[in-house]
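Just so we're aligned, residue 32 is where the sequence shown starts under the numbering used here, counting upward by one. Backbone N, C-alpha and C fix where the C-beta goes; we use that ideal spot for every residue, glycine too. Quick caveat, the model's predicted, so the values are computed rather than measured.
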Amino acid sequence: MNRLQVNLNRVSSSSYEVFIGHQIMDRMALLLSRKGWPRRYFAITDSNVSALHGERVLAILGSLGLQVEKLEFEGGEARKSIHTCTVLAERLMEQGADRTSALIALGGGVVGDLTAFLASIYMRGIPHVQVPTTILAQVDSSIGGKTAVDLPAAKTSWGPSPSPRRC
Ligand SMILES: NC(=O)c1ccc[n+]([C@@H]2O[C@H](COP(=O)([O-])OP(=O)(O)OC[C@H]3O[C@@H](n4cnc5c(N)ncnc54)[C@H](O)[C@@H]3O)[C@@H](O)[C@H]2O)c1
Numbered sequence: 032m033n034r035l036q037v038n039l040n041r042v043s044s045s046s047y048e049v050f051i052g053h054q055i056m057d058r059m060a061l062l063l064s065r066k067g068w069p070r071r072y073f074a075i076t077d078s079n080v081s082a083l084h085g086e087r088v089l090a091i092l093g094s095l096g097l098q099v100e101k102l103e104f105e106g107g108e109a110r111k112s113i114h115t116c117t118v119l120a121e122r123l124m125e126q127g128a129d130r131t132s133a134l135i136a137l138g139g140g141v142v143g144d145l146t147a148f149l150a151s152i153y154m155r156g157i158p159h160v161q162v163p164t165t166i167l168a169q170v171d172s173s174i175g176g177k178t179a180v181d182l183p184a185a186k187t188s189w190g191p192s193p194s195p196r197r198c
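Here it is as structure tokens:
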């Protein structure tokens, strides 16, 4: 297993680690428990990934005593919206997620972008972990630190200057 440290000098607490390896999902619980984070996690995932990996991830995390609940939404780019974000935030509230909780983005770029955006606004920001399940998410969206949801009028845009359409 390889470990890569990404240092963001502006705000030291923004630095994060990236773990890369074969069958690394099985070691996820160990890696998370070593972080010393609170024991309560909410795994955000889409319906496709949930069906393929959801139960396994819950079992892996549960095996080390981490408390994890799964929240899923219908897969697809159209769901990467402020509406889905609001629905998930309300479900987090209902389930008692607080500032000691952390989110796990289990899925492709859509889940990753949406979960990271949600983590950045929920209770003024809570930690999140990316568990990317598509090649695109593994090599790009999960590691760059950009987060977003789409507006109906425009897909996420990332130009040289802040875009009024980016949410
Ligand atoms: N934040 C960034 O820097 C950044 C960079 C690049 C792309 N993105 C965003 O990423 C998104 C695209 O990501 P994507 O291509 O991963 O799409 P996606 O997340 O929609 O996943 C594509 C499909 O594959 C399914 N899927 C995911 N993992 C799977 C698995 N292991 N096995 C079977 N099916 C699986 C999903 O349910 C979905 O139906 C776009 O919204 C794009 O804007 C963000």
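Alanine 90 and glycine 176 have their C-alpha atoms roughly 28 Å apart. The beta carbons of proline 69 and serine 151 sit about 18 Å from each other, so the pair does not count as a contact at 8 Å.
A straight-line Cα-Cα distance of about 24 Å links glutamate 103 and phenylalanine 50. In the DSSP assignment, the residues bridged to asparagine 33 are Ile51.
Within its own chain, the residues whose Cβ lies closer than 7 Å to the Cβ of glutamine 169, once the five positions on either side in sequence are excluded, are Pro163, listed in chain order. Of the other Cβ atoms in all chains shown, 16 or more fall within 10 Å of the Cβ of glycine 138; this residue is therefore buried. If you keep only unbroken beta strand (DSSP E) runs of at least 3 residues inside the region 61-117, you get 71-77, 98-104.
Of the candidates His84, Leu35, Ser172, Leu35 places its Cα closest to the Cα of serine 46.
Residue burial is scored here from C-beta neighbours: glutamine 161 has at least 16 other C-beta atoms within 10 angstroms and is therefore classed as buried.
Listed in chain order, the non-local C-beta contacts of methionine 32 below 6 Å within the same chain comprise Gly52, local neighbours out to five positions each way being set aside.
Assigned with DSSP and collapsed to three states, glutamine 161 falls in strand.
Within the chosen limit of 6 Å, ligand 1 does not reach the beta carbon of serine 46 with any heavy atom.
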